[in-house]
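Asks:
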Amino acid sequence: MTTASTSQVRQNYHQDSEAAINRQINLELYASYVYLSMSYYFDRDDVALKNFAKYFLHQSHEEREHAEKLMKLQNQGGGRIFLQDIKKPDCDDWESGLNAMGCALHLEKNVNQSLLELLISPQLWGDFPGHQGSACMLGFPLPFL
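Note that the sequence shown ends on residue 145 in UniProt numbering; no numbers are left out.
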């Protein structure tokens with residue numbers, strides 16, 4: 001087993017910032033996992049709601065892309081990525097399009113709130129000079145504050 005080497009680019013990058021980004025990465029991957037579950041539920045032959053399946057598959061890819069952008073940011077700051085286990089979705093049977101959309105709305109609110117808390121952290125943006133609170137640099141739509 002090898003130990004992680006110290007980054008040559010890390011400078012004034014607080015451990016709390018590194019941990020916060022790692023938590024957000026995990027949450028984005030969890031959201032991707034939930035949307036993937038929804039997509040393939042609606043793709044089943046006994047459910048057969050193809051447009052719901054397509055929509056949720058797109059959402060899954062989008063959440064995974066967000067996680068990848070955060071991983072890129074982590075590396076750029078000299079931080080280390082520590083992936084955690086991804087929690088299983090709370091539901092396997094999404095029942096209906098309406099129920100799944102309600103669950104998706106709740107999930108998006110949770111992810112958005114977590115992202116807002118990350119973006120307003122002055123400690124984090126002190127670690128990335130020139131990017132104070134810039135959600136756009138991550139490719140995220142700028143949330144309404």
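Beta carbons: idealized from backbone N, C-alpha and C, even for Gly.
Quick caveat: nothing in here was measured; it's all calculated off a predicted structure.
Taking just the CA atoms, how far does C91 sit from I81?
Replies: Rounded to whole angstroms, I81 to C91 spans 28 Å at the Cα level.
Asks: Please list the segments of the alpha helix (DSSP H) lying wholly inside the UniProt domain "Ferritin-like diiron" (11 to 145), counting only runs of 4 or more residues, in order along the chain.
Replies: Listed in chain order, they are 15 to 42, 50 to 76, 97 to 119, 122 to 126.
Asks: For the 8 Å Cβ check, are there 3 or more pairs between the stretch 39 to 53 and the stretch 106 to 123?
Replies: Because the criterion of three Cβ pairs below 8 Å is not met, the stretch 39 to 53 and the stretch 106 to 123 do not touch.
Asks: CA-CA distance, Q74 and L29?
Replies: Each residue's alpha carbon lies about 15 Å from the other.
Asks: Leaving out five residues on either side along the sequence, give the residues of the same chain with a beta carbon under 7 Å from the beta carbon of E63.
Replies: The answer, listed in chain order, is E28, A31, S32, Y35.
Asks: Skipping 5 residues on each side, what residues in its chain have a beta carbon closer than 7 Å to that of Y13?
Replies: Excluding sequence neighbours, Y13 sits near G77, G78, G79, D127.
Asks: Confirm, please, whether the CB-CB distance from I25 to L70 is below 8 Å.
Replies: Yes, they are a contact pair.
Asks: Return the residue from the list R23, D16, F42 that minimises the CA-CA distance to K87.
Replies: Looking at the Cα atoms, R23 is the closest of the given residues.
Asks: Please look up how many angstroms separate the CB atoms of D43 and A53, rounded, as I've assumed it's under 8 Å.
Replies: That pair is a contact at about 4 Å.
Asks: For Q84, I'd like the list of residues in its chain whose CB is within less than 6 Å of its CB, leaving aside the five on either flank, ordered along the chain.
Replies: Closer than 6 Å at Cβ, skipping near neighbours: N26.
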